[in-house]
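Numbering (the working numbering), first residue to last: 42 to 589.
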């Protein structure tokens with residue numbers, strides 16, 4: 042139980058992100074079934090029944106995934122509350138989060154039953170979808186407001202509805218396009234889903250603007266608070282989705298004029314929309330873990346502080362000694378005290394406790410050194426990838442640089458952990474930040490090895506080439522949920538102001554590489570130049586990283 046409490050914060054964000062994904066796919070599938078696949082089945086032709094069946098199954102399995110995720114959320118929060126607060130399980134289960142969660146589980150269960158039984162009672166599915174959305178809004182920031190609570194709940198529900206119609210409907214849209222092979226059917230599906238998507242986009246725009254006014258409130262809150270920074274990240278991802286959606290809309294318009302128009306680009310853009318949309322969902326999950334910006338009027342980061350922190354300086358390429366860091370220095374002092382009394386020395390840090398000693402100048406220098414050398418690795422990767430694009434065959438081994446970066450991260454990212462520190466590797470996994478660092482290192486090794494095998498022809502399976510873009514995009518999405526245990530709130534936010542754009546560029550780089558692989562010329566050639574340049578930009582940003 043103590044381990045669960047240690048990792049509760051980060052684990053709850055991950056599960057909440059998966060919950061939003063499952064909920065949106067379930068609702069998106071239901072709306073697609075009721076307003077596209079069902080009504081147009083006869084007009085689509087022989088593929089109509091297959092599209093209906095696929096839509097039902099995708100929505101039904103998403104409902105089951107939602108049940109599991111929501112059940113895990115309720116169980117996790119209940120277990121932590123029972124163990125840390127003087128409440129029994131009965132008292133916890135009547136709390137708002139538990140009631141909302143159980144209502145969501147019940148609604149999702151009934152939706153799954155109806156879909157698996159191949160029934161399509163439109164009224165019942167719409168009512169259950171409305172109940173699902175209503176229960177989901179009761180766990181948002183809007184539910185905690187004292188003023189304007191009801192209108193904010195309605196707006197929050199509209200926000201989730203728009204995301205479900207548009208982003209949640211894309212998986213079944215791609216599935217439907219794969220079932221048909223004539224221009225008339227493509228046009229029929231594309232035009233109807235385009236209209237549905239416009240409704241979803243309108244819902245998101247109206248509700249997102251309203252929520253920003255109420256929860257962010259001012260321009261300085263966008264860059265001066267963690268909530269505002271994450272909202273800014275969501276806006277950037279949303280703008281990316283709009284550009285991709287515009288590209289698909291142009292294909293639909295061509296289909297109106299010429300049914301023989303290829304829909305390959307529409308399929309590939311839709312695939313990327315799914316990836317970026319899911320990243321946006323995890324950003325939304327991270328957003329729920331911080332208070333609204335309007336409630337944090339003190340200790341905001343000023344624009345002058347941001348400019349000062351990010352003023353260009355020469356990278357730090359030399360490292361301080363490990364024993365002068367705050368934690369090893371404190372541990373040495375604690376070890377020396379009981380040596381005279383033969384007692385057992387006290388540990389300076391217990392993984393997961395969050396009780397790190399105040400960082401000193403050596404700690405800051407250590408972290409900056411890590412980021413700057415990581416930046417050199419990433420710049421080298423981007424430059425070699427660009428040379429590979431120009432035909433320099435020797436440069437095709439650039440993915441091996443990822444292995445060096447991974448080893449560097451494993452050794453340096455957590456100096457209190459083995460092999461440099463005294464904390465064992467398994468014991469250190471109680472600390473969410475250590476877990477995240479190990480995850481990023483492992484991810485780096487995986488896509489480095491796979492991409493090297495692809496580049497050198499050792500792997501001929503075309504799907505293997507997709508590992509690198511997926512791992513890059515997933516790493517970027519994970520970085521959006523990354524948190525740092527820095528005592529000073531402003532320092533923490535100034536760090537996140539660097540990590541957030543790094544995460545966004547990594548997401549864009551991953552999906553640009555995806556388009557290079559999946560898209561037809563000339564789009565794939567353009568994408569093939571975009572992602573190496575993005576890596577160079579990431580590396581240069583890391584070289585300018587500062588913590589003081």
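Glycine included, each C-beta is placed from N, C-alpha and C at the ideal position.
| Asked | Found |
| --- | --- |
| Spatially closest choice to residue 264 from 334, 237, 299, by CA coordinates | 334 |
| Contained alpha helix (DSSP H) runs [length at least 4] in the segment 85-170, N- to C-terminal order | 89-125, 130-133, 137-157 |
| Distance, residue 211 Cα to residue 540 Cα | 29 Å |
| For residue 478, the first and last residue of its enclosing alpha helix (DSSP H) | 473-496 |
| Backbone secondary structure at residue 458 - three-state DSSP | strand |
| Uninterrupted alpha helix (DSSP H) stretches inside the segment 206-253 (no shorter than 4 residues) | 211-220 |
| Residue 464 (DSSP reduced to helix, strand or coil) | strand |
| Backbone secondary structure at residue 271 - three-state DSSP | helix |
| Contact check, residue 202 vs residue 174, beta carbons under 8 Å | yes |
| Exposure label - residue 67; buried when at least 16 CB within 10 Å | buried |
| Span of the alpha helix (DSSP H) around residue 74 | Looking at the DSSP string, residue 74 is not in any alpha helix (DSSP H), and its letter there is neither H nor E. |
| Neighbour-count burial assignment, residue 130, 16 or more Cβ in a 10 Å radius | exposed |
| Residue 542 - containing alpha helix (DSSP H), residue span | 530-559 |
| Distance between beta carbons of residue 266 and residue 220, contact taken as under 8 Å | With a Cβ gap of about 46 Å, residue 220 and residue 266 do not count as contacting. |
| Top-ranked residue by Cα proximity to residue 198, from 213, 176, 579 | 176 |
| Three-state secondary structure assigned by DSSP to residue 585 | coil |
| Length of the line joining the Cα atoms of residue 370 and residue 287 | 57 Å |
| Beta-carbon contacts of residue 430 that lie in its chain and below 8 Å, excluding the five residues immediately before and after | 569, 570, 573 |
| Rounded Cβ spacing between residue 208 and residue 65 (contact assumed at less than 8 Å) | 6 Å |
| Any 3 or more C-beta pairs closer than 8 Å across the segment 221-234 and the segment 266-282 | no |
| Residue from 104, 298, 269 whose Cα sits closest to the Cα of residue 331 | 269 |
| Simplified DSSP assignment, three categories, for residue 179 | coil |
| Simplified DSSP assignment, three categories, for residue 356 | coil |
| Contact check, residue 292 vs residue 306, beta carbons under 8 Å | yes |
| Top-ranked residue by Cα proximity to residue 346, from 587, 88, 70 | 587 |
| Reduced DSSP secondary structure (H/G/I, E/B, other) of residue 289 | helix |
| Cα-Cα separation between residue 57 and residue 443, rounded to whole angstroms | 30 Å |
| Residue 423 and residue 323 closer than 8 Å at C-beta | no |
| Straight-line Cα distance separating residue 299 from residue 546 | 36 Å |
| DSSP-derived helix/strand/coil call for residue 399 | coil |
| Spatial distance of residue 474 from residue 87 (CA atoms) | 53 Å |
| Own chain partners of residue 325 with C-beta closer than 7 Å, once the 5 adjacent residues on each side are dropped | 61, 275 |
| Residue 184 - DSSP class collapsed to helix/strand/coil | helix |
| Supposed contact pair residue 135 and residue 123 - C-beta distance, whole angstroms, cut 8 Å | Incorrect: roughly 13 Å between the Cβ atoms, too far for contact. |
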